[in-house]
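Counting the sequence shown from 1 gives a position; this note's numbering is that position plus 1.
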Amino acid sequence: MITVSELRNEFLLWAEANGWKVLPADVPQQIPEQIAELYHPPAEWLDFIGMFQSCTNAEETKWFLTCQDFHPRDEGFAWNDFALQSLASAGTDTELKQHITAFWNAHLPIFMSADSEYAYYAIHTPTGNIVSGTEPEFEEISIISENFTSLIEKILSGEIIL
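See below:
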């Protein structure tokens, strides 16, 4: 089994080779307590993202959410932007809003894309599976990996292209 440190080092080599901009954190970062309490995310993901301040492609149209992204911000995409978009599109449909809220309470976004279409990867927190979704129906998902480490390994091997 690969360690988080080894995974991080391999990921940094991949990022450099693929033109990604990665800013390491000086000290390990943490997500806000209320996010941790709601989602109970896996330690492997927390350890990995805690090592970065930011991680984006060269065009800044794709990015891994880091601890800083889970804090309130005045501009750009919020970590839960796709959930907010879905809720807004539900209008006054209370049943649909409940469905959307339940979905997003079990899916923690970890990667976002605003490239050719809005898309994301999220951790399905009850299972640890990594899922993907796209606009316009963000809640229609596909499982792409059994866990976060497997996701990164698939990216490193070229099985998943970012």
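Just so it is clear, CB atoms sit at the ideal spot from N, CA and C, and this is done for glycine as well.
It should be emphasised that the depicted structure is a prediction, and the values quoted were computed from it without experimental measurement.
- The stretch 81-89 makes no contact with the stretch 146-160: fewer than 3 CB pairs, one atom from each, lie closer than 8 Å.
- For Ser158, the uninterrupted alpha helix (DSSP H) run begins and ends at Phe149 to Ser158, by DSSP.
- Bridge pairing for Ser6: absent [DSSP].
- Boundaries of the beta strand (DSSP E) around Ala120: Tyr119 to His125.
- No Cβ-Cβ contact shorter than 8 Å links Pro137 with Ala123.
- Annotation for Ala115: Thr62, Lys63 and Phe78 place their beta carbon closer than 8 Å to its own, counting only its chain and skipping 5 residues before and after.
- Cβ neighbours of Pro33 within its own chain (closer than 7 Å, five residues either side excluded): Phe71 and His72.
- Boundaries of the alpha helix (DSSP H) around Leu85: Asp82 to Ser90.
- Taking the Cβ atoms as the reference, Trp21 lies roughly 18 Å from Cys68, outside the contact range of under 8 Å.
- Residue burial annotation: Ile131 is buried, with at least 16 other C-beta atoms found within 10 angstroms of its C-beta.
- In the DSSP assignment, the residues bridged to Ile144 are Val132.
- Counting only runs of 3+ residues, the beta strand (DSSP E) found wholly inside the stretch 36-108 occupies 53-57 and 63-65, in chain order.
- In the DSSP annotation of this structure, Pro33 is not part of any beta strand (DSSP E), being labelled neither H nor E.
- Counting C-beta pairs with one atom in each stretch, the stretch 24-32 and the stretch 45-53 have three or more that are closer than 8 Å, which means they touch.
- Secondary structure of Ala26 (DSSP, three-state): coil.
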